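Colleague: This structure is in C-alpha cells; I'll ask about it shortly.
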Amino acid sequence: MAIFTGAGVAIVTPMKENGDVNFEKLGEILEEQIKEGTDSIVICGTTGESSTLTHEEHLETIKYTIDKVNKRIPVIAGTGSNCTETAIYLSTEAEKYGADGVLLVTPYYNKATQKGLIEHYTKIAESIRIPVILYNVPSRTGINIQPKTVAYLVEHVENIVGIKEASGDIAQVAEMAALTKGKLDIYSGNDNQIVPLMSLGGKGVISVLSNVAPRYTHDMVEKYLNGDVKESCDMQLNAMPLINALFLEVNPIPVKAAMNLMGMEVGPLRSPLTEMEEAGREKLKEEMVKFGLKLA
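Okay, structure coming up:
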C-alpha cells in the first residue's frame, strides 16, 4: 500500500507580497518538480506553513495541487492538527478532492500520552479510506511517537502504512523497522539522513532540499534503490553543507530565501516567521554557489 518510493518534496507555499497564497506561482513550481523527477508532492506540511493558513486556504491549496498534478505523481496532503476533530475534517476533505494519502503530524503542544496518540491517529485514519503517513518531528511538536506505538498502529489500523521520521534518532528508526517487520514504509524527514535511513529499509525521503535541488535529491534516492550505494552516499555527503545551510534558521525560512535567491519568486513568509538574518543569508548564498545552484 506504499504511496510512493523515492524523493517526495515537502513543498513551500508561495505567497504574494500582500500575504495571499500565490496559486499561479505554486502551479509553476509543481510543474518544475514533476519535470525534474520528483516522485511525490507533499502539500501543506510544515514547510508549506500550514500552521498559518486558514482552514479555507489550507483546503484550497490542497485542492489546487491535486487538480494541477492530475494524477501524474502522488499528492499527499498535510492534514495533521493538535485537534483530532480538525484533523478528521481536513483529512476527509482531502480525500474528497482526490488526495493519494495524508500526512499527519503528531499533535503539537498538547503533549499527548502514547495512549492518546493511538486514539488520535486511529480516529483520523478510520474516518478515511486513503493511506496515512504519520509524521514524527519531536523537535517541533514536543512529542515523540515511540516505536512500540507505531508498531501497534500499523498492526491495528489498516490504512496507517508509513511514517515520516524526523526524530534524528537512527537507533529509534532501527527499532521501529524491526518491530514493524516490513509493514511500515519509512521516509526520512531529515535531508541529512536520507542514505542512513534507507540503509535500514527506508523507502526514500520527504525533502526540503528537493525544493531547490529536485533532480539531485531524486537521483540520490534512485541510485541507492538501484544498488549504487557508494554514489548515493557520495551525493549525500556532497550535499551536507547546503543541507546544513537550509536549516540555519527554522524551516521554511532558509528554503524560501534560497528559492527567492534563485529567482523563483515564492514571496514572503507568514508571521510570526520573519525573513532570514543577513549573516545566515550570506552563508546560504555561499553554499548554494558551491553546490552549483544558479542564483538570479
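In this note's numbering, the protein residues as written are -7 to 288. All C-beta atoms, glycine included, are put in the ideal place defined by N, C-alpha and C. What you are looking at is a predicted structure, and each value in this text was computed from that prediction instead of being measured.
Strictly by DSSP, which residues pair up with M232?
Modeller: The count along the sequence shown starts at 1 and reaches residue 232 at position 240. None; M232 has no bridge partner.
Colleague: Please list the terminal residues of the continuous alpha helix (DSSP H) segment that includes E241.
Modeller: As a first step, residue 241 must be located in the sequence shown, where it is residue number 249. From DSSP, E241 is part of no alpha helix (DSSP H); its letter is neither H nor E.
Colleague: Could you work out which residue in K277, C225 and E257 is closest to A237 when comparing CA atoms only?
Modeller: Residue 237 sits at position 245 when you count from the first residue of the sequence shown. The option with the nearest alpha carbon to A237 is K277.
Colleague: Counting pairs of beta carbons, one from the segment 204 to 222 and one from the segment 12 to 22, are three or more of them closer than 8 Å?
Modeller: Contact fails: fewer than three Cβ-Cβ distances are below 8 Å.
Colleague: Which residues mark the beginning and the end of the beta strand (DSSP E) in which A205 is found?
Modeller: The residue given as residue 205 occupies position 213 in the sequence shown. Premise fails: A205 is in no beta strand (DSSP E) and is neither H nor E.
Colleague: Using only the alpha-carbon positions, how far apart do L348 and G193 sit?
Modeller: Absent from the model: residue 348. The displayed extent of the chain is -7 to 288, so no value can be given.
Colleague: Beta-carbon within less than 6 Å of G70's beta-carbon, same chain only, minus the 5 sequence neighbours each way: which residues are those?
Modeller: As a working mapping, residue 70 is identified with position 78 in the sequence shown. Cβ-Cβ distances below 6 Å link G70 to C36, G37, S42 and L95 in the same chain, with the five nearest sequence neighbours on each side left out; the list follows chain order.
Colleague: Quick one: Cα of E52 to Cα of N74, how far?
Modeller: The count along the sequence shown starts at 1 and reaches residue 52 at position 60. The count along the sequence shown starts at 1 and reaches residue 74 at position 82. So the two alpha carbons sit approximately 20 Å from each other.
Colleague: Spatial neighbours of T133 within its chain, please: C-beta separation below 6 Å, excluding the five flanking residues on both sides.
Modeller: For the purposes of this step, residue 133 is taken as the residue at position 141 of the sequence shown. Excluding positions up to five away in sequence, the list reads T98 and Y100.
Colleague: Please identify the residue among E270, T5 and E9 whose C-alpha is closest to the C-alpha of L22.
Modeller: Residue 22 sits at position 30 when you count from the first residue of the sequence shown. Closest by alpha carbon: T5.
Colleague: According to DSSP, simplified to helix, strand and coil, what is A104?
Modeller: Working through the sequence shown from its first residue, we reach residue 104 at position 112. Here A104 sits in coil by DSSP.
Colleague: Under the three-state reduction of DSSP, which class applies to N128: helix, strand or coil?
Modeller: Position 136 of the sequence shown, counted from the start, is the residue given in the question as residue 128. If DSSP states are grouped into helix, strand and coil, N128 belongs with the strands.
Colleague: What do you reckon, are the CB atoms on I110 and T141 nearer than 8 Å?
Modeller: In the sequence shown, the residue the question calls residue 110 occupies position 118. In the sequence shown, the residue the question calls residue 141 occupies position 149. Yes; because the gap between Cβ atoms is below 8 Å, this pair is in contact.
Colleague: So what does A(-1) bridge to, in DSSP terms?
Modeller: As a first step, residue -1 must be located in the sequence shown, where it is residue number 7. Answer is V197, bridged to A(-1).
Colleague: I'd like to check one pair, N203 with I3: are the Cβ atoms closer than 8 Å?
Modeller: For this step, residue 3 is matched to residue 11 along the sequence shown. For this step, residue 203 is matched to residue 211 along the sequence shown. Judged by their CB atoms, I3 and N203 are nearer to each other than the 8 Å cut-off.
Colleague: Answer yes or no: do I135 and A104 have a C-beta to C-beta separation smaller than 8 Å?
Modeller: Taking the sequence shown and counting its residues from 1, one reaches residue 135 at position 143. Taking the sequence shown and counting its residues from 1, one reaches residue 104 at position 112. Yes; because the gap between Cβ atoms is below 8 Å, this pair is in contact.
Colleague: Look up G70 in the DSSP assignment and give the residues it is bridged to.
Modeller: Here residue 70 refers to the residue found at position 78 when the sequence shown is read from its first residue. According to DSSP, which records beta bridges pairwise, G70 is partnered with L95.
Colleague: Would you mind stating whether Y208 and G196 have Cβ atoms separated by less than 8 Å?
Modeller: Taking the first residue of the sequence shown as 1, we reach residue 208 at position 216. Taking the first residue of the sequence shown as 1, we reach residue 196 at position 204. No.
Colleague: Looking at T114: is its Cβ nearer than 8 Å to the Cβ of A143?
Modeller: Taking the first residue of the sequence shown as 1, we reach residue 114 at position 122. Taking the first residue of the sequence shown as 1, we reach residue 143 at position 151. Result no, Cβ atoms of T114 and A143 do not sit closer than 8 Å.
Colleague: So, helix, strand or coil for G272, using DSSP?
Modeller: Locating residue 272 in the sequence shown gives position 280, where the first residue counts as 1. Three-state result, G272: helix.
Colleague: Grouping DSSP H, G and I as helix and E and B as strand, with all else coil, what is L263?
Modeller: To locate residue 263, count along the sequence shown from 1; it is residue 271. The sequence given here has Ser at residue 263, not Leu. Note: S263 maps to coil in three-state DSSP.
Colleague: In the DSSP assignment, the alpha helix (DSSP H) including G19 goes from what residue to what residue?
Modeller: Mapped onto the sequence shown, residue 19 falls at position 27. For G19, the enclosing alpha helix (DSSP H) covers residues F15 to K27.
Colleague: Within 8 Å of any Cβ in chain C, is that where the Cβ of S159 sits?
Modeller: You won't find chain C in this structure, because it holds only one protein chain.
Colleague: Nearest to K286 by alpha carbon, out of A250, P246, S191 and V146?
Modeller: Numbered from 1 along the sequence shown, position 294 holds the residue referred to as residue 286. Considering only alpha carbons, the answer is A250.
Colleague: Is the beta carbon of P206 less than 8 Å from the beta carbon of T30?
Modeller: Against the sequence shown, residue 206 aligns to sequence position 214. Against the sequence shown, residue 30 aligns to sequence position 38. Cβ atoms of P206 and T30: closer than 8 Å.
Colleague: Tell me, please, which residues DSSP counts as bridged to Y89.
Modeller: Numbered from its first residue, the sequence shown carries residue 89 at position 97. Partner(s): none; Y89 has no beta bridge.
Colleague: V61: buried (16+ other C-beta within 10 angstroms of its C-beta) or exposed?
Modeller: Translated into the one-based positions of the sequence shown, residue 61 becomes position 69. It counts as buried.
Colleague: Is it right to say M232 is buried, meaning 16 or more other beta carbons lie within 10 angstroms of its own, or is it exposed?
Modeller: Within the sequence shown, numbered from 1, the residue matching residue 232 stands at position 240. When all chains shown are included, M232 counts as exposed.
Colleague: Which two residues bound the contiguous beta strand (DSSP E) that contains K156?
Modeller: Numbered from 1 along the sequence shown, position 164 holds the residue referred to as residue 156. Its beta strand (DSSP E) spans residues I152 to E157.
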